[in-house]
Structure formats: structure tokens, C-alpha cells
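Residue numbers (the working numbering): 134 to 568.
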Amino acid sequence: MNFDPTIYAQRRARLLTQMQHGIAIIPTAPEVARNADTHYGYRHDSNFYYLSGFIEPEAVLVLIAGDEPKTMLFCREKNLEREIWDGHRVGPDAAAEQFGFDAAYSIAQLDEKLTELMGNQPALFYPMGDDAAWDQRILKLRSAVQEKVRSGIRAPDEIRDVRALLNEMRLFKDAHELDIMRRAAAISTRAHQRAMRFTRPDIFEYQVEAELLHEFCSHGARHPAYTSIVAGGANACVLHYVGNNAKLTDGDLLLIDAGCELDGYASDITRTFPINGKFSAAQKDVYEIVLAAQAAAISAAQPKQTWNAPHDAALRVLAQGFINLKLCHGSVDEVLQNESYKKFYMHRTGHWLGMDVHDVGDYKIGDNWRALQPGMVLTVEPGCYIRPADDVPMALWNIGIRIEDDVVITEKGNEVLTNAAPKTVADIEELMRKS
Ligand code: GLY
Ligand code: MN
Ligand code: MN
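Now the structure itself:
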């Protein structure tokens with residue numbers, strides 16, 4: 134990927150304009166120890182990355198708004214000894230230039246510099262509550278500034294949550310972000326195709342997971358955006374199943390919810406298909422209902438429709454389907470009113486998607502669902518999960534189905550990023566027959 138610092142500089146400029154006055158302090162994520170000398174794979178903080186493009190740990194972004202805005206990065210110093218063990222560090226001198234900051238300093242200078250920079254700033258913009266250790270450190274630094282009151286220096290009166298501004302910016306994806314998200318989605322669709330080709334009875338869920346990870350990594354997406362769900366048979370009725378260690382049974386369905394992260398952006402796809410390549414009559418009956426609900430929800434994902442319109446559209450189709458299957462009783466309106474559908478469909482139909490798989494952004498403005506607008510990206514993921522129960526037809530027991538795609542709202546309607554992963558009964562069966 135060619136790194137273009139202007140994209141990040143423009144985002145910083147937009148944030149500075151919205152802040153008007155004050156100082157913003159945005160740390161990246163801490164490294165997290167796994168055990169002994171090993172750490173979990175490092176993942177930067179999304180807000181920090183959004184404004185910097187910088188992926189090293191131990192870094193903090195500082196922005197000063199006002200008539201003469203200023204942008205600063207604090208990062209690790211060059212250190213040959215550490216670089217021999219842990220790899221390259223950009224270092225403050227090169228970072229200022231390469232990442233387009235007005236200035237960059239060693240992270241070791243952070244406390245001293247912040248005590249200076251916070252002085253006489255009217256407001257402190259900070260992601261309060263994100264990280265307890267940072268909260269304490271920042272409040273302590275603010276107290277240190279307060280102690281300078283007799284020298285005529287004031288600490289920021291106001292602490293504002295910088296995420297209120299950033300979440301709204303991040304909700305609308307720019308062309309650079311959409312390009313990455315299209316590529317992430319394309320890799321994930323290949324992974325789902327690969328999993329369908331590979332799946333057969335008597336292998337283990339983790340073997341299918343390995344195929345997904347192989348496809349992600351071999352296209353440059355080194356990590357999944359979240360732990361892959363590879364759930365055969367009844368496991369599909371556990372919404373957050375991540376055990377992935379059961380043997381796949383002939384005649385069952387396999388639900389895979391998996392997506393890669395590419396260059397800091399998530400994809401999120403679910404497909405459900407027969408382990409032996411052919412849907413049974415009962416599985417097909419349920420599958421067609423979920424697929425129709427998804428089609429209705431995607432059609433409702435249009436500019437000016439509200440955030441909730443796709444969910445409402447999916448629910449109506451599901452409710453009618455559940456009545457036809459004798460899972461629910463009464464009219465569609467009654468089923469929606471008494472919420473009896475919730476026994477089989479207990480989650481919502483999607484979420485914002487971006488750097489985080491459940492991305493930031495408000496879903497309501499005041500008391501009202503917000504309108505969908507071009508540049509927003511959401512998932513559309515209805516499902517049906519049928520646990521064994523006396524009042525449920527036995528032929529449907531343990532069928533768990535979800536179908537999930539990633540959708541960008543455009544000026545004219547929407548763009549589905551993940552259509553290349555087969556989802557009609559005919560397309561799935563054809564792909565599996567050929568392999
Ligand atoms: N994979 C998480 C979700 O679908 O929300
Ligand atoms: Mn999702
Ligand atoms: Mn998902």
C-alpha cells in the first residue's frame with residue numbers, strides 16, 4: 134500500500150476545525166501481555182490510526198486547535214538495540230516528515246510536554262473511559278497544570294469526549310476507506326468460497342477455520358477482524374460460538390461468520406451451507422426465508438430510509454416465514470407485536486462496519502432512528518436459530534442460519550461489497566458440487 138499522509142492530515146484538519154479551541158490528546162492502544170515474554174498480536178487504536186496512519190505502539194497524538202492549529206506526534210525513539218530485537222522504529226524525526234506532523238517528539242517527553250501544552254487551553258478533548266491507566270495519567274497531568282495557577286497558568290476547564298466528534302467523522306467513509314473495505318470484502322468472499330469448496334462430513338470445524346485464515350493471510354490480510362465462528366449443526370444456534378472444535382456431521386448445516394481485517398478495516402460475512410453440499414427439504418425451507426428476509430433488508434438499505442428500516446423489513450419476512458413453518462402463531466402483526474419471533478431471531482439485523490467490526494456512530498439522533506446517508510457502511514445479517522423444544526416441529530431442530538453481507542449506502546441506493554460469496558441455494562450447491 135502506498136502511504137499517503139495527506140489523507141490523515143486532512144482528517145486532523147477537519148477535527149481541529151470542529152474542536153474550535155482546545156487540546157486533543159489521543160493515545161494509541163497499549164501492547165497487551167499474553168504470558169511470559171509474549172504479547173498478543175498488536176493492534177493500534179482505531180481513532181489514533183484514523184488520524185495518523187501510524188501503527189507503532191507507544192504513540193500519542195496531540196492536536197492544538199485555534200487560530201494557529203498545531204499537530205504533534207509522540208512516538209518511540211530510534212534505538213538500535215531494541216530495533217535488533219523488535220524491528221524498525223520510525224523515530225520522531227522521520228515520523229514528523231513521513232506522517233505530515235508539525236512536530237514529533239520522543240514518547241519519553243510526553244508528560245513534560247503535555248503539562249506545558251495543556252496550559253491555558255480552554256478544553257481538553259480526550260477519549261475518557263477508554264483506558265483506565267491513561268485516564269489516571271491524563272487527570273494527573275491536568276492536576277499538575279492546575280498547580281501552576283499562581284503563575285497565571287490555567288488548566289482546561291472542560292473535558293470533552295473527543296469520540297463525539299470522531300465517531301461521526303468515522304461513520305461516513307471516504308473514498309480511501311471504501312477502497313480498502315472493498316478489497317477486504319473481496320478477500321473475505323474468497324475465503325468463504327474456499328471454505329465451501331473444502332467442507333465435507335467428518336472433518337473438524339477448526340480445519341475449515343484454517344482454510345479461512347489461509348485465504349485471508351495469503352492476500353495480505355494478516356488477521357481476522359474478529360474471531361471466526363465456524364459452527365456445525367446445533368453449534369450454529371450459539372450466536373457467539375467460537376469453540377470451533379467439533380466434527381462436522383453429514384446432513385447438518387455449517388454456519389461460518391468470518392471476515393478479515395485489511396489495512397485496519399474490517400469485513401464481516403456470514404454464510405450457511407450444507408456440510409454434504411445439498412440442502413435437505415427442511416433446511417431449504419428455513420434458508421429461503423432467511424434469504425428473502427435479507428433481500429428485503431438490503432432493498433430497504435437506501436438513502437433517506439432510517440437505520441431501522443432494514444431491520445423492520447427483515448422482521449416482516451421472518452415473521453411470515455415463522456408462521457408458515459409453525460414456529461410462530463397468529464398474524465404477522467401479532468407476531469411482531471408480541472415478539473414471539475424473538476425465540477428464533479433474537480439479534481438485530483446489522484451494525485455499522487468500518488475500522489471496528491461493530492463500528493462507531495450513533496444509531497439514533499435524539500429519540501429517532503437516524504437516516505441512512507451515502508458513505509455509511511452497515512452489515513445486513515438476519516438469521517434464524519431453532520433450538521429443540523416441545524412446541525417446535527422436530528424436523529427443524531438445531532437448524533441455525535444467518536446470512537450476512539456488507540453494504541455501502543450510495544447516492545442512488547446501495548452497493549453490496551460481499552456478493553461474490555455465493556448465497557442462493559442453487560449457487561451454493563453448484564459450487565460445492567464442482568469441488
Ligand atoms: N461477526 C460479528 C457480527 O456479525 O456482528
Ligand atoms: Mn456482523
Ligand atoms: Mn458477522
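Note that the Cβ used here is the ideal one computed from N, Cα and C, for glycine as well.
Buried versus exposed call for residue i [16 or more other C-beta atoms within 10 Å across all chains shown]
{"i": "S321", "result": "buried"}
{"i": "Y173", "result": "exposed"}
{"i": "D226", "result": "exposed"}
{"i": "F349", "result": "buried"}
{"i": "G454", "result": "buried"}
{"i": "R167", "result": "exposed"}
{"i": "G397", "result": "buried"}
{"i": "T150", "result": "exposed"}
{"i": "P521", "result": "exposed"}
{"i": "P526", "result": "exposed"}
{"i": "L213", "result": "exposed"}
{"i": "M479", "result": "exposed"}
{"i": "Q254", "result": "buried"}
{"i": "F136", "result": "exposed"}
DSSP three-state assignment for residue i, whether helix, strand or coil
{"i": "W440", "result": "coil"}
{"i": "H129", "result": "Nothing about residue 129 can be read from this structure; the chain reaches only from 134 to 568."}
{"i": "S239", "result": "strand"}
{"i": "V123", "result": "Any answer about residue 123 is impossible in this case: the structure gives the chain only from 134 up to 568."}
{"i": "D445", "result": "helix"}
{"i": "Y474", "result": "helix"}
{"i": "N377", "result": "coil"}
{"i": "E544", "result": "coil"}
{"i": "A391", "result": "strand"}
{"i": "D401", "result": "coil"}
{"i": "D572", "result": "Because residue 572 is not part of the residues shown, which for the chain are 134 to 568, the question remains open."}
{"i": "I292", "result": "strand"}
{"i": "V419", "result": "helix"}
{"i": "G533", "result": "strand"}
{"i": "F455", "result": "helix"}
{"i": "V549", "result": "strand"}
{"i": "L505", "result": "coil"}
Heavy atom of ligand 3 within 7 Å of residue i beta-carbon
{"i": "T403", "result": "yes"}
{"i": "D390", "result": "yes"}
Proximity test, residue i beta-carbon vs ligand 1 heavy atom, cut-off 7 Å
{"i": "H325", "result": "no"}
{"i": "H356", "result": "no"}
{"i": "Y518", "result": "no"}
{"i": "Y359", "result": "yes"}
{"i": "H177", "result": "no"}
{"i": "H491", "result": "yes"}
Cβ-heavy atom distance, residue i to ligand 5, below 7 Å
{"i": "I561", "result": "Ligands present in the displayed structure are limited to ligand 1, ligand 2 and ligand 3, and ligand 5 is not among them."}
Exercise for review: Measuring from each Cβ to the nearest heavy atom of ligand 2, keep the ones under 6 Å and list them in chain order.
Suggested key: Having a Cβ closer than 6 Å to some heavy atom of ligand 2 are D401, H484, T512, E514, E537.
Review point. Unbroken beta strand (DSSP E) runs of length 3 or more, entirely within the segment 136 to 169: which are they?
Key: Listed in chain order, they are 155 to 160, 166 to 168.
Check your understanding: Hey, which unbroken runs of the alpha helix (DSSP H) at 4 residues or more fall wholly within the segment 298 to 372?
Key -> Runs of the alpha helix (DSSP H) lying entirely within the segment 298 to 372 and spanning at least 4 residues, in chain order: 308 to 331, 338 to 351.
Practice item. Would you mind listing the beta strand (DSSP E) stretches within the segment 176 to 215 that are 3+ residues and don't spill past its ends, in chain order? Key: Taking only runs of at least 3 residues, the beta strand (DSSP E) segments lying wholly in the segment 176 to 215 are 193 to 198, 203 to 208.
Exercise for review: Entirely within the segment 219 to 282 and at least 3 residues each: give me those beta strand (DSSP E) ranges in chain order.
Suggested key: Entirely contained in the segment 219 to 282, the beta strand (DSSP E) runs reaching 3 residues are, in chain order, 236 to 239, 256 to 259.
Practice item. May I have a chain-ordered list of the alpha helix (DSSP H) segments no shorter than 4 residues that lie completely inside the segment 458 to 503? Key: Counting whole runs of 4 or more residues, the segment 458 to 503 contains the alpha helix (DSSP H) stretches 465 to 471.
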